[in-house]
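Here this note's numbering is used: the first residue of the sequence shown is 13, the next is one more, and so on. Even for Gly, the Cβ is constructed at its ideal location relative to N, Cα and C. Everything numeric in this text was worked out from a predicted model, so none of it was measured.
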Amino acid sequence: MSQLNTPPSNTSEKQSFLSKLNLFSKGKSETTTLKEAVDAYFEEAAEDDELTSDQEQLLIRNVISLRDLNADDVMIPRADIVAVDVNTDQAELFELFSKVQFSRFPIYQDSLDNIIGSIHIKDVIAELAKGNKIDIRALLKTVPITSPAMPVLDLMHMMQSQRRHMILVVDEYGGIDGLVTIGDIIEAVLGEFQDEYDLADRKKIIELGKGEYIADARTYLSDVEEVIGRSFEECDIDEDAETIGGLISATIGRLPVRGEILKDEKTSLFFEILDADPRRIKKVKFRELKPVVTKPKTE
13 MSQLNTPPSN TSEKQSFLSK LNLFSKGKSE TTTLKEAVDA YFEEAAEDDE LTSDQEQLLI
73 RNVISLRDLN ADDVMIPRAD IVAVDVNTDQ AELFELFSKV QFSRFPIYQD SLDNIIGSIH
133 IKDVIAELAK GNKIDIRALL KTVPITSPAM PVLDLMHMMQ SQRRHMILVV DEYGGIDGLV
193 TIGDIIEAVL GEFQDEYDLA DRKKIIELGK GEYIADARTY LSDVEEVIGR SFEECDIDED
253 AETIGGLISA TIGRLPVRGE ILKDEKTSLF FEILDADPRR IKKVKFRELK PVVTKPKTE
C-alpha cells in the first residue's frame, strides 16, 4: 500500500483558533480578554495569508459579543410592536397576517400592557382546515416575560427550555418595554435580514415637495438623516430611539393619536401623525422646522 505524501505539519509553531480559545479559558493565554484572543488569531492568520473572510470574522465577533448583550439591546421597541386585540374578528386577523407577513403575533386585552398570549398562523390554518371558526382565545400560547437587563445568552436558554420563540420585555412597573423573538437574536449574530417588504415599506421615504416627506414610522433615523442631509448626532435625542416612531414616543413620553401635530426642538423636525392605533405609530409626515426671520425695524 502506497503512502500519501502530506506536507509537514506546523502545529507546533501555530495554534488553531480553538486552541487559542482553550488556552484562554484555562487562564494560560497571553491575552487578557476573549476579544484580544480573537484579535490575536486574526492578526496571526493575516501574517500567514490565511485570513478568514470578512463574513467569517464578523460572525465570530458577533457570536462572542452576545455575552455582552442584554434583552433591551436586541428587543423590538414598544412603539414598533405589532399586536392583535383578542376581540379581533376573523377577517381582520387574516388581513393582518397578509399585510405584516409575521408567523405569530402577541395578543392583548384592553391595552398593550396586558398581553395575554400569542397566536401562530399554523394554528389558525389548522382550525380552518377543520372547518372551525377562529377563536383567538382557544389558540393562545403563553408568552414568557423578562426584564430589560436579562443577558441574551440567558434569554436564549429560556426560549429553548420553554420552547418559545417570543419573550416580552417588561419594566419594573409591569409595562411593556419591548419584545424579543428568536429572529432578533439571530440577526444580532448574522446581521439584519431584509426582504422585499422591508425595502418597499420600512426603507421608503416619499418626498411630497417643499421639504415635506411621508414615511413609515419604522423608518430608521439614519435614513431620515440621509434624506434631509444632516446628522442628529449632536441633537441629544434618546439613545434608544432608532426609528421615527421611537423618536416621537420618546420625545412626548406616550403614543400619539392620529392627526396629532408635534414639534421636536432637538432634531428641529415637525411631525404630523397620519396613521396610528393604540398599539403603535404607523405613518408620519415630517419636515424641517424653518427658523423665523424677523425684518429689522425701520425708523
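Roughly how many angstroms separate the alpha carbons of residue i and residue j, rounded to a whole number?
i: residue 244; j: residue 279; result: 6 Å
i: residue 246; j: residue 270; result: 29 Å
i: residue 10; j: residue 145; result: The structure shown does not extend to residue 10, since the chain is modelled only from 13 through 311, so no value can be given for it.
i: residue 142; j: residue 288; result: 35 Å
i: residue 299; j: residue 112; result: 27 Å
i: residue 209; j: residue 226; result: With a pLDDT of only 49 at residue 209, under the threshold of 50, the placement of this residue in the model should not be trusted; the figure read from the coordinates follows. Whole-angstrom Cα-Cα distance: 17 Å.
i: residue 102; j: residue 242; result: 45 Å
i: residue 230; j: residue 219; result: 17 Å
i: residue 297; j: residue 286; result: 7 Å
i: residue 224; j: residue 295; result: 14 Å
i: residue 11; j: residue 109; result: With the chain covering 13 to 311 only, the question about residue 11 has no answer from this structure.
i: residue 293; j: residue 72; result: 36 Å
i: residue 132; j: residue 80; result: 31 Å
i: residue 165; j: residue 85; result: 12 Å
i: residue 272; j: residue 104; result: 25 Å
i: residue 136; j: residue 240; result: 44 Å
i: residue 119; j: residue 184; result: 21 Å
i: residue 252; j: residue 122; result: 26 Å
i: residue 262; j: residue 256; result: 10 Å
i: residue 78; j: residue 176; result: 19 Å
Give me the DSSP bridge partner(s) of residue i.
i: residue 191; result: 88, 180
i: residue 298; result: 225, 283
i: residue 118; result: 130
i: residue 274; result: 283
i: residue 97; result: 120
i: residue 251; result: Bridge partners of residue 251: none, in fact.
i: residue 158; result: 181
i: residue 216; result: DSSP, once it has assigned bridges, lists no residue as partnering residue 216.
Quick one, are the C-beta atoms of residue i and residue j less than 8 Å apart?
i: residue 87; j: residue 192; result: yes
i: residue 152; j: residue 158; result: no
i: residue 232; j: residue 199; result: no
i: residue 201; j: residue 74; result: yes
i: residue 170; j: residue 194; result: no
i: residue 89; j: residue 265; result: no
i: residue 217; j: residue 196; result: no
i: residue 149; j: residue 130; result: no
i: residue 283; j: residue 249; result: no
Assuming residue i and residue j are in contact, meaning their beta carbons sit under 8 Å apart, how far apart are those beta carbons, in whole angstroms?
i: residue 82; j: residue 162; result: 6 Å
i: residue 281; j: residue 91; result: Not a contact, Cβ separation roughly 16 Å.
Are at least three pairs of beta-carbons, each pair with one atom in the stretch 117-136 and one in the stretch 184-191, less than 8 Å apart?
Result yes; three or more Cβ-Cβ pairs closer than 8 Å.
Any contact between the stretch 134-141 and the stretch 87-101? By contact I mean 3 or more CB pairs, one from each, below 8 Å.
No: the two stretches stay apart, fewer than three of their Cβ pairs being nearer than 8 Å.
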